């Protein structure tokens with residue numbers, strides 16, 4: 001989920017609680033503050049992280065990287081590419097790897113509904129939370145997970 005250490009534990013807890021609210025028992029999510037070994041350009045294998053991901057991520061899945069700062073395009077592209085490279089070098093071959101930020105926020109419903117893997121970028125929690133609210137991420141995810149829910 002987060003790949004920079006500058007997100008504090010309270011912020012991570014808030015994001016974890018947010019994910020729990022999505023309400024699907026079979027939904028898998030991984031909460032980590034250090035998923036990458038950036039120098040090695042791989043996912044961090046500690047604590048069976050990569051092995052557990054391999055069990056839960058379908059082969060050739062559609063991935064969506066949701067930014068933490070919707071207007072920092074260069075930074076978002078850099079982190080998204082770093083994440084994509086680390087996944088690839090760790091044996092994950094995505095069908096698509098898309099980024100959601102303000103360049104394509106109007107397409108949020110389609111992007112979120114197509115995604116089988118969602119990566120929430122780490123960063124400044126208040127900025128990220130504002131973007132999540134702007135794109136109505138909670139309701140977008142709920143409408144996909146529980147399509148018959150009013």
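Residue numbers (our numbering): 1 to 150. Positions of the beta carbon are idealized from the N, C-alpha and C atoms, including for glycine. None of these values were measured; they are calculated from a predicted model.
How big is the Cα-Cα spacing for residue i and residue j?
i: residue 142; j: residue 75; result: 29 Å
i: residue 106; j: residue 135; result: 8 Å
i: residue 139; j: residue 132; result: 10 Å
So, for residue i: in the same chain, excluding its five sequence neighbours on each side, which residues have a beta-carbon less than 7 Å away from its beta-carbon?
i: residue 37; result: 44
i: residue 102; result: 70, 71
Starting from residue i, trace the beta strand (DSSP E) in both directions and tell me its first and last residue.
i: residue 120; result: 117 to 120
i: residue 64; result: 62 to 66
i: residue 96; result: 96 to 100
What's the call for residue i, buried or exposed, on a 16-neighbour Cβ count within 10 Å?
i: residue 68; result: buried
i: residue 130; result: exposed
i: residue 91; result: exposed
Counting only the same chain and skipping the five closest in sequence on each side, list residues whose C-beta sits under 8 Å from that of residue i.
i: residue 60; result: 93, 94, 95
Just to confirm the assignment, what range does the alpha helix (DSSP H) spanning residue i have?
i: residue 80; result: 73 to 89
i: residue 109; result: 108 to 114
i: residue 174; result: Nothing can be reported for residue 174: it is not among the residues displayed for the chain, which extend from 1 to 150.
Counting only the same chain and skipping the five closest in sequence on each side, list residues whose C-beta sits under 6 Å from that of residue i.
i: residue 128; result: 68
i: residue 112; result: 140
Is it the case that the CB of residue i approaches a heavy atom of the ligand ZN more closely than 6 Å?
i: residue 62; result: This structure simply doesn't include the ligand ZN, nor any ligand for that matter.
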